[in-house]
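The numbering used here numbers the first residue of the sequence shown as 49 and each following residue consecutively. Don't be surprised by glycine CBs; every beta carbon is placed ideally from N, CA and C. Input: a single structure, listed below in structure tokens.
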Amino acid sequence: MTEETLSNLSHEERRFEPPAELAASANLTAEAYERAAADPEAFWAEQAERLDWHQKWDRVLDWDDPPFAKWFVGGKLNAAYNCVDRHVEAGRGDKVAIHWVGEPEDDTRSLTYADLQQEVNKAANALTELGVRAGDRVAIYLPMIPEAIVTMLACARLGAPHTVVFGGFSSDALASRLADCQAKVVVTADGGYRRGSASALKPAVDEARVKAADNGHRVEKVLVVRRTGQELAEGSWEDGVDVWWHDAVDGASAEHECEFFDSEHPLYVMYTSGTTGKPKGILHTTGGYLTGCAYTHWAVFDLKPETDVYWCTADIGWVTGHSYIVYGPLANGATQVLYEGTPDSPERGRWWKIIEQYGVTIFYTAPTAIRSFMKQGREIPDRHDMSSLRILGSVGEPINPEAYVWYREVIGGNRTPVVDTWWQTETGAIMISPLPGVTAGKPGSAMTAIPGVAAEVVNDEGHPVPDGSGGYLVLSKPWPSMLRTIWGDDQRFKDTYWSRFPATAERGAYYFAGDGAKKDEDGDIWVLGRVDDVMNVSGHRLSTTEIESALVSHPKVAEAAVVGAKDEDTGQAVCAFVILRDEAGDGGDDIVAELRGHVRKEIGPIATPRQIMVVPELPKTRSGKIMRRLLRDVAENREVGDVTTLADSTVMDLISGRLTSGRSDEA
Ligand code: WT7
């Protein structure tokens, strides 16, 4: 927790009451908090009734063997049926599900629920034809085009867990994920549009397929959407493996009888950074996850499906895209905008123009984006009529009070509540957030756990801290959309999330989120950021060790240490300290550019270090543990703190003041 956050906290006295009209017609009202706390299982059962169950559950929660939970035990349902078919059957087939906006202007497409049903059925038939069966894993590496959603739903329809890999990740990152979950089929595109030009995706899949094969895993088929029409590299097409989407899907039957799966059937695996190098495959299952997404999307955004136009700017490759573009909004029958490109293409007001054009009423984005717009000045958004907006959401990292107030004032015209939503890939759905029709919002605070969720801030021993103090954020009761395990690694699941505060008879098992938090004098929660060696860059979790391994894989690097340093634009930025191998000499003039390029290639642009410092030594404790705290001091230009536990206390003198700077153009 930085001092600045703490001082903001103590001086923050602004409160924003919910607008009277919103409060009067809110989906969820204050009574829900008490009702849910009195009988959480009954409350969650009520939320599960939002879905169509082919067979109802016998038991709401099986928590006999923590931390392995089963929700809605014995129930059967199909996630895609819930997101698509049931709306068509209820006579809402003509309602627009997705207003898709391509990055090239005038490249738009609207899909009704009936259209979506046809597309999903065709894709399900095509995937079946390619050999996909219930339980098989399908990797998705696509730009933000409707086919991404169609493929996810087609997989869900078949009971084939999908694993979506962010299109900005490199072939190495893709390869390790393909091998870890043993993906049978990959769905990709020739390329996508970014900042006005077509950038290729297929070559990364080709490379990843070779790398996965080297690790003993064979991908059987690659289904390729033609999006940009760009030329494929020579020799890239492999007959028998590569199949065009328009050949396989367009001609497939639009009829598909769906099977209903157990509530605990795996729905997807999403990889996220942990403190050790290997990303963790977070497993979400069907009934509980869908319940969590549908309920929170309805409650936190006060969704009125008949009149709202919803837009979440996240990429489909992150959990926010899964829960709040695909599963929550579609389960609720919402109409939403899906935008392919970057916020500033072809001009800086593109987002605001889209809000105006489509009459967006609910808008969900990340603090890093808000801060970058703040820097450009209010003239750009002020050119657009955004009076349709009624609720604004924020997610991904703590939103600083200045950005919150700017967001509310400039984008929301001072009418709209801002819901600062705290959650994680692991929690599957929003856990801590104001309710827009109930809570008087405080800029910078995610406020309290939503009805049905139990959050606490505890000290080292796991005891709740008093109001006005800080500690570790935990979830103290199971919830339906909780991760079920780490793919293929139950032990790591237990160790990572459930062992920091071991279960006791009185309090049961605590889920440790890895975040520090503070309860203010009113008991409201301020999330302060990660306490482990995980950074948050532009709302994306990156592990320090993953980037360190990438650096060390470069032939000139002997050792590397990475820390997250405070950054005005991206929240945190990657700062790396490297020791070169003797034979590399001083590394050459371009060593910094070379290493940055290397990380970009190994992991992707988002992980590119903002700064790389070539150092003779790293600060280590006597047991050899790198003291990142000291490196963070250097990276954030602070006076270096207590060095008494260093094995060699002169090391920091060698390091301080040697920062070689170079900004990343993309990350
Ligand atoms: C981590 C989870 C949840 C989807 C996007 C990120 C940080 C997230 C907030 C918030 C303060 C936040 C936490 C959390 N975080 N939302 N509203 N206020 N911090 O998902 O990649 O799993 O990252 O993001 O540190 O643990 P993720």
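As for any alpha helix (DSSP H) of minimum length 4 sitting wholly inside the segment 102-185, the runs are 161-177, ordered along the chain.
If you check the C-beta of E445 against the ligand WT7, you find a heavy atom less than 7 Å away. When the beta-carbon positions are compared, G441 and A74 stay at least 8 Å from each other. For V682 and L351, the gap between their C-alpha atoms comes out near 46 Å.
The closest CA to that of A128, considering only V121, D142, V168, is found on V168. V688 and Q405 have their alpha carbons spaced roughly 51 Å apart. Counting only residues of its own chain and dropping the five nearest sequence neighbours on each side, Q472 has a CB closer than 7 Å to the CB of A561. For T544, the closest C-alpha among the options K566, D581, T496, V513 is that of D581. About 3 Å separates the beta carbons of S529 and G340, which is inside the 8 Å limit, making them a contact pair.
Taking all protein chains shown into account, E303 has fewer than 16 neighbouring C-beta atoms within 10 Å of its C-beta and is therefore exposed.
Here the alpha carbon of F541 sits roughly 19 Å from the alpha carbon of G510.
Per the DSSP secondary-structure output, F625 pairs in a beta bridge with A609, M661.
Residue burial annotation: H602 is buried, with at least 16 other C-beta atoms found within 10 angstroms of its C-beta. Here DSSP, grouped into helix, strand and coil, assigns L99 to coil.
Remark: the shortest separation between the CB of Q472 and any heavy atom of the ligand WT7 falls under 7 Å. Counting every other CB atom within 10 Å of its CB across the protein chains shown gives E594 a total of 16 or more, marking it as buried. Excluding its 5 nearest sequence neighbours in each direction, P114 has C-beta neighbours in its own chain below 6 Å: A557, listed in chain order.
Taking C-beta separations shorter than 7 Å and ignoring five residues to either side along the sequence, the partners of F91 in its chain run R83, A84, P499, G500, following chain order.
Assigned with DSSP and collapsed to three states, E504 falls in strand.
In the structure shown, W92 falls within a helical segment according to DSSP collapsed to helix, strand and coil. Contact between the segment 272-292 and the segment 233-253 is present: three or more C-beta pairs spanning the two stretches fall below 8 Å.
Close CB contacts of G461 within its chain, under the 8 Å cut and outside five residues either way in sequence, are with M434, S435, L437 (chain order). Rounded to the nearest whole angstrom, the CA to CA distance from P657 to V626 is 12 Å.
For S218, the shortest C-beta to heavy atom distance toward the ligand WT7 is 7 Å or greater. Straight across, the Cα-Cα distance linking D87 with W111 is about 15 Å. In the DSSP assignment, S597 falls within the alpha helix (DSSP H) that extends over 592-600. Within the chosen limit of 7 Å, the ligand WT7 reaches the beta carbon of G587 through at least one heavy atom.
Annotated three-state conformation of C306 is coil, per DSSP.
In the structure shown, D615 falls within a strand segment according to DSSP collapsed to helix, strand and coil. Shortest Cα-Cα distance from T618 to any of Q424, A417, V367, P353 involves A417. Between M422 and the set G179, L521, I439, E457, the nearest pair of CA atoms involves E457.
Put simply, of F214, T487, D228, V699 the residue whose alpha carbon is nearest the alpha carbon of A260 is D228. Taking one beta carbon from each stretch, the segment 154-169 and the segment 282-289 have fewer than 3 pairs nearer than 8 Å; the two do not touch.
Of the heavy atoms belonging to the ligand WT7, none sits nearer than 7 Å to the Cβ of R555. Taking every protein chain shown into account, the CB of E616 has fewer than 16 other CB atoms within 10 angstroms, so this residue is exposed.
Residue T383 holds the alpha-carbon nearest to the alpha-carbon of W148 among W105, T383, L249, L331.
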